[in-house]
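Below: the structure, in C-alpha cells.
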Amino acid sequence: MAETPQGQGQETLSNLLQESRSFPPPADLAADANVQADAYDAASADRLRFWEDQARRLQWEQPWSNVLDWNPPFAEWFTGGKLNAAVNCVDRHVDAGRGERVAFHWEGEPGDTRTITYADLKDMVCQAANALTELGVGKGDRVAIYMPMIPETVVAMLACARVGAVHMVVFGGFSVDALGTRLDDSEAKLVVTADGGYRRGKPSSLKPAVDDAVRDRPAVENVLVVRRTGQDVEWNEGRDVWWHDIVDRQSAEHAAEAHDSEHPLYIMYTSGTTAKPKGILHTTGGYLTQVSYTHWAVFDLKPETDVFWTAADIGWVTGHSYIVYGPLSNGATSVMYEGTPDTPHKGRFWEIVQKYGVTIAYMAPTAIRTFMKWGEEYPAQFDLSSLRVLGSVGEPINPEAYMWYRTHIGGGRTPIVDTWWQTETGAIMVTPMPGITHGKPGAAMQPIPGVVADVVDESGESVPRGQGGFIVIREPWPSMLRGIWGDPERYKKTYWSRFEGLYFPGDGAKRDEDGDLWLLGRVDDVMLVSGHNISTTEVESALVAHPNVAEAAVTGASDPVTGQAIVAFVILRSEAGDGGSGLVKELREHVAAHLGPIAKPRQILVVPELPKTRSGKIMRRLLKDVAENRELGDVSTLTDAQSIQTLQEAFQESGKSDE
Ligand code: 6R9
Numbered sequence: 019m020a021e022t023p024q025g026q027g028q029e030t031l032s033n034l035l036q037e038s039r040s041f042p043p044p045a046d047l048a049a050d051a052n053v054q055a056d057a058y059d060a061a062s063a064d065r066l067r068f069w070e071d072q073a074r075r076l077q078w079e080q081p082w083s084n085v086l087d088w089n090p091p092f093a094e095w096f097t098g099g100k101l102n103a104a105v106n107c108v109d110r111h112v113d114a115g116r117g118e119r120v121a122f123h124w125e126g127e128p129g130d131t132r133t134i135t136y137a138d139l140k141d142m143v144c145q146a147a148n149a150l151t152e153l154g155v156g157k158g159d160r161v162a163i164y165m166p167m168i169p170e171t172v173v174a175m176l177a178c179a180r181v182g183a184v185h186m187v188v189f190g191g192f193s194v195d196a197l198g199t200r201l202d203d204s205e206a207k208l209v210v211t212a213d214g215g216y217r218r219g220k221p222s223s224l225k226p227a228v229d230d231a232v233r234d235r236p237a238v239e240n241v242l243v244v245r246r247t248g249q250d251v252e253w254n255e256g257r258d259v260w261w262h263d264i265v266d267r268q269s270a271e272h273a274a275e276a277h278d279s280e281h282p283l284y285i286m287y288t289s290g291t292t293a294k295p296k297g298i299l300h301t302t303g304g305y306l307t308q309v310s311y312t313h314w315a316v317f318d319l320k321p322e323t324d325v326f327w328t329a330a331d332i333g334w335v336t337g338h339s340y341i342v343y344g345p346l347s348n349g350a351t352s353v354m355y356e357g358t359p360d361t362p363h364k365g366r367f368w369e370i371v372q373k374y375g376v377t378i379a380y381m382a383p384t385a386i387r388t389f390m391k392w393g394e395e396y397p398a399q400f401d402l403s404s405l406r407v408l409g410s411v412g413e414p415i416n417p418e419a420y421m422w423y424r425t426h427i428g429g430g431r432t433p434i435v436d437t438w439w440q441t442e443t444g445a446i447m448v449t450p451m452p453g454i455t456h457g458k459p460g461a462a463m464q465p466i467p468g469v470v471a472d473v474v475d476e477s478g479e480s481v482p483r484g485q486g487g488f489i490v491i492r493e494p495w496p497s498m499l500r501g502i503w504g505d506p507e508r509y510k511k512t513y514w515s516r517f518e519g520l521y522f523p524g525d526g527a528k529r530d531e532d533g534d535l536w537l538l539g540r541v542d543d544v545m546l547v548s549g550h551n552i553s554t555t556e557v558e559s560a561l562v563a564h565p566n567v568a569e570a571a572v573t574g575a576s577d578p579v580t581g582q583a584i585v586a587f588v589i590l591r592s593e594a595g596d597g598g599s600g601l602v603k604e605l606r607e608h609v610a611a612h613l614g615p616i617a618k619p620r621q622i623l624v625v626p627e628l629p630k631t632r633s634g635k636i637m638r639r640l641l642k643d644v645a646e647n648r649e650l651g652d653v654s655t656l657t658d659a660q661s662i663q664t665l666q667e668a669f670q671e672s673g674k675s676d677e
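Going letter by letter, the sequence shown gives residues 19 to 677 in the working numbering.
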C-alpha cells in the first residue's frame with residue numbers, strides 16, 4: 019500500500035499520460051474470431067452459467083453438482099466434479115485421433131531440437147507418473163521442480179497432476195536459499211532437477227544448488243535428475259536417481275484417477291516484497307477452466323493451424339498457464355525455447371518465429387524493450403509474416419514499446435493483447451480481445467467475460483471516467499487462488515482486508531474517458547510528490563517515448579521539499595551511444611513536457627542494466643534503496659545480483675543533483 023499522509027493526496031492516483039492512438043481489429047481476424055462481442059453479454063446476463071459453459075470445454079469424469087460455493091473469501095468451483103488435468107492436457111487429444119499433432123517444437127539453446135507429439139507426450143507423462151509411484155510419491159504429496167526449459171519439465175508437472183501430487187516449480191535461476199525456503203514451506207518430498215541447462219551459450223549447473231538445499235532437509239527423500247548438459251554431478255547414493263534410469267523403463271500405460279475439482283494442482287511462490295514468500299495455491303477444475311478458456315479466447319487460438327509461443331520461463335505463472343495448461347488443454351502446437359534471446363545472436367527469437375512459422379507470440383515488455391534497445395535491424399532479417407496475434411504480460415507495456423512491437427514484430431498488422439493478471443489470479447483477467455476490442459497502446463482495456471473488475475478510490479467507491487485508483491475484483495472467478503499454502507490468515511489479510519468484500523490485487527489503475535482500463539503498476543511503488551500520487555509507470559512511459567531511451571525505471575526518494583522526488587534510471591537505445599552530456603537535461607524537460615512539471619525527475623542516471631526478477635519485473639524497491647542511499651534489501655530473486663551493486667556505485671558517484 020502506498021503511504022499516503024492523511025489529507026495530503028489530492029487524488030487517489032494522478033492521470034497524467036494522454037495517449038490517443040487506437041487500432042481496430044483486422045477485419046479478417048474479427049470476422050472469424052473465436053470470441054464475439056455477445057460473449058460479454060452472455061457472461062453479464064448469467065456469470066455462473068457462462069463459466070459452466072467454459073468448464074464444458076474440458077473432459078470431466080464426473081459432472082459437478084454445484085458451480086460455485088462462495089464463503090468469502092474462500093471459493094470452491096465445480097464442486098462434486100472430478101477430472102484429471104493431465105488427461106485433459108494429453109490423453110483426450112490422443113483418444114480423439116490427434117496423437118500425431120505436435121505438442122511442442124522444442125528448441126535447445128545450442129540448436130538441438132526435439133519434436134514432441136501428443137502421442138509422445140502421453141507416453142512420457144505415463145512413464146513419469148509410474149516412476150513417481152515407484153518413488154512413493156502419491157496424491158497430495160508435494161514435488162519441487164527446479165529445472166531448465168526442457169520437455170521433461172512439462173512432463174514432470176503433468177505426471178504430478180496425473181497422480182494428484184502438487185507441483186511447486188522454482189525458477190532454475192533462484193538461489194539455494196530461495197529454493198530452501200520453498201522446500202521448507204511446501205514440505206516437498208521429491209525434487210526433480212537436471213544436471214544443468216544451457217544459458218548464454220554455456221551449460222549452467224542446477225544440481226549443486228539442489229545438493230546444497232537438500233543437505234539439511236531430510237524431508238526430501240529423493241532427487242530425480244534429468245541429464246541435459248552432461249556436466250559432472252556429485253551423486254548421493256540412495257537419494258539421487260537418474261531420470262533415464264527410472265522413467266525410461268516404466269510402462270507407457272497408466273490408468274489416471276479423476277481428482278476432485280478442488281484438488282490442489284500446484285503451489286507457486288511469489289516473492290512479494292520482503293517477507294516470507296507466499297505459496298499461492300491453485301486447484302484443478304476452476305483453474306483449468308479459465309486458463310483453457312482464456313488461451314483459446316484471448317489469443318484466438320485455432321489449434322489446427324496456429325503455432326503458439328510463450329517466450330517465458332515455466333518457473334513463472336505465465337509458463338504454467340500459457341506454456342503448459344492452457345495450450346495443452348486446447349490441443350495447441352507450441353514452441354518451447356530453452357535459452358536466452360541473444361544466444362548465439364540477437365535475432366534468435368525472430369529466427370525461431372521464422373523457422374516454426376509462429377502465428378501467436380506472447381512475451382514480457384521487458385523483453386520487448388530489450389529488443390528496442392538492440393535495434394530493429396535484428397527482427398528485420400527474418401520473415402515474421404506468419405504472426406497474427408501478439409501478446410504482452412508481466413508489466414504495463416509502455417506505449418512506445420507497444421508501437422515498436424506492433425510495427426517491427428507485427429508488421430503493423432497484428433493486434434496486441436496486453437494481458438493483465440497475476441500468479442494469484444491464475445489466468446488472464448483484463449485484456450483486449452483480438453477480434454473485438456480496439457487496441458490502445460498501454461491499455462489492458464476490459465475485464466474478460468465472466469470477470470467483474472472495477473477501479474475504486476481510497477474508500478472503495480468506483481471512480482468516474484478519467485480518474486485513477488485501485489483495481490479490484492468484485493466477484494470470485496474460477497482460477498482464483500484458493501489461499502496461501504498453510505496460512506489462511508495471511509490470505510485474508512493480504513488480499514481481502516483493504517476493501518470490504520473485494521479482492522485487492524495491489525495494483526493501481528485508471529479508467530479513461532471511454533471506460534477502458536490502464537494498469538499503472540504496484541501501488542507500493544506509487545510516488546507522492548508535492549501531494550500528488552504519481553505512478554512509476556506513467557513517468558517510465560514518458561521516458562521510453564524519448565527516441566534515445568529503450569528502458570526506464572523510476573522510484574520515489576525522500577525529499578525535504580516535495581516529500582518524495584522522482585529518481586529515474588534509464589537504458590539508452592544502442593543508436594544513442596552514451597547520449598552525450600545534454601541528454602539528462604533534455605530527458606527531464608521531455609518528461610515535464612509530456613506529463614507536466616510535477617512529474618519532472620529530480621535525477622536521471624544513465625545505466626547499462628536494471629535490477630530485474632527472473633520474470634523480468636524491475637525491482638523498484640532496490641532502486642529505492644539506491645536512491646535513498648540505503649543498504650540493499652533482499653536480492654535473492656534477482657537475475658543478476660552484481661548489476662545492482664554496479665548501479666549503486668554509479669549512483670553514489672553521480673552525486674546528488676544533475677542540475
Ligand atoms: C502474470 C504475472 C503480477 C503483477 C501484477 C501487475 C503486473 C502483469 C500486467 C501487469 C500491467 C499488465 N502485471 N501483467 N501490469 N499490465 N499486462 O505477471 O504474474 O508475476 O504474479 O505478477 O505483474 O503488477 O500485479 P506475477
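Each residue gets a CB set at the ideal place from its N, CA and C atoms; glycine is no exception. Only a predicted model underlies this, so the values are computations on that prediction, with no experimental measurement involved.
Check                                                                                                                                     : Outcome
Residue 295 beta carbon near ligand 1 (any heavy atom closer than 7 angstroms)                                                            : no
Per DSSP, cross-strand counterpart(s) of residue 386                                                                                      : According to DSSP, residue 386 bridges with nothing at all.
Whether residue 274 touches residue 102 by CB criterion (8 angstroms)                                                                     : yes
Beta-carbon separation (whole angstroms), residue 109 vs residue 140, contact threshold 8 angstroms                                       : 6 angstroms
Residue 32 burial status per 10 Å Cβ neighbour count (16 or more: buried)                                                                 : buried
With 16 other Cβ atoms within 10 Å as the buried cut-off, status of residue 202                                                           : exposed
Proximity winner among 268, 272, 305, 295, relative to residue 278 (alpha-carbon distances)                                               : 305
Distance between residue 190 and residue 252 (C-alpha atoms, nearest Å)                                                                   : 18 angstroms
Beta-carbon contacts of residue 198 that lie in its chain and below 6 angstroms, excluding the five residues immediately before and after : 231
Whole-number beta carbon distance between residue 655 and residue 196, since they are thought to touch under 8 angstroms                  : 6 angstroms
Pocket of ligand 1 (residues with CB nearer than 7 angstroms to any heavy atom), chain order                                              : 288, 334, 335, 336, 410, 411, 412, 413, 414, 415, 436, 437, 438, 439, 440, 441, 442, 462, 523, 524, 525, 537, 539, 540, 633, 635
Residues sharing a beta bridge with residue 551, DSSP                                                                                     : 546
Alpha carbon of residue 556 to alpha carbon of residue 540, nearest angstrom                                                              : 12 angstroms
C-alpha distance - residue 648 paired with residue 628, whole-angstrom precision                                                          : 17 angstroms
Cβ-Cβ distance between residue 608 and residue 560 below 8 angstroms                                                                      : yes
Collapsed DSSP secondary structure at residue 366 in the structure displayed                                                              : helix
Which residues DSSP lists as bridging residue 222, in chain order                                                                         : 215
Straight-line Cα distance separating residue 356 from residue 490                                                                         : 36 angstroms
The alpha helix (DSSP H) enclosing residue 296, as first and last residue numbers                                                         : Element bounds for residue 296: not the alpha helix (DSSP H) but the beta strand (DSSP E), 296-301.
DSSP beta-bridge partners of residue 6                                                                                                    : With the chain represented from 19 up to 677, any question about residue 6 goes unanswered, as that position is not in the structure.
Residue 288 - containing beta strand (DSSP E), residue span                                                                               : 282-288
Neighbourhood of residue 496 by C-beta, 6 angstroms cutoff - its chain only, sequence neighbours within 5 removed                         : 69, 95, 304, 307, 308
In DSSP terms, what residue 317 is bridged to                                                                                             : For residue 317, which the question treats as bridged, DSSP gives no partner whatsoever.
Extent of the continuous beta strand (DSSP E) run through residue 185                                                                     : 184-187
Span separating the alpha-carbon of residue 592 from that of residue 178                                                                  : 45 angstroms
Opening and closing residue of the beta strand (DSSP E) in which residue 437 lies                                                         : 434-437
Residue 122 in three-state terms, based on DSSP                                                                                           : strand
Alpha helix (DSSP H) segment containing residue 32, residue limits                                                                        : From DSSP, residue 32 is part of no alpha helix (DSSP H); its letter is neither H nor E.
Where residue 487 falls, given that 16 or more other Cβ within 10 Å makes a residue buried                                                : buried
Residue 523 at chain B interface by Cβ criterion, 8 angstroms                                                                             : Note that chain B does not occur in the displayed structure, where there is just one protein chain.
Rounded Cβ spacing between residue 125 and residue 353 (contact assumed at less than 8 angstroms)                                         : 7 angstroms
Cβ-Cβ distance between residue 391 and residue 569 below 8 angstroms                                                                      : yes
Inter-residue spacing [alpha-carbon to alpha-carbon] between residue 408 and residue 435                                                  : 6 angstroms
Which of helix, strand or coil DSSP assigns to residue 38                                                                                 : coil
Cβ pair residue 186, residue 340 closer than 8 angstroms                                                                                  : no
With 16 other Cβ atoms within 10 Å as the buried cut-off, status of residue 19                                                            : Only weak support is given to the placement of residue 19: the predicted model assigns it a pLDDT of 39, under 50, and the value that follows is read from those uncertain coordinates. When all chains shown are included, residue 19 counts as exposed.
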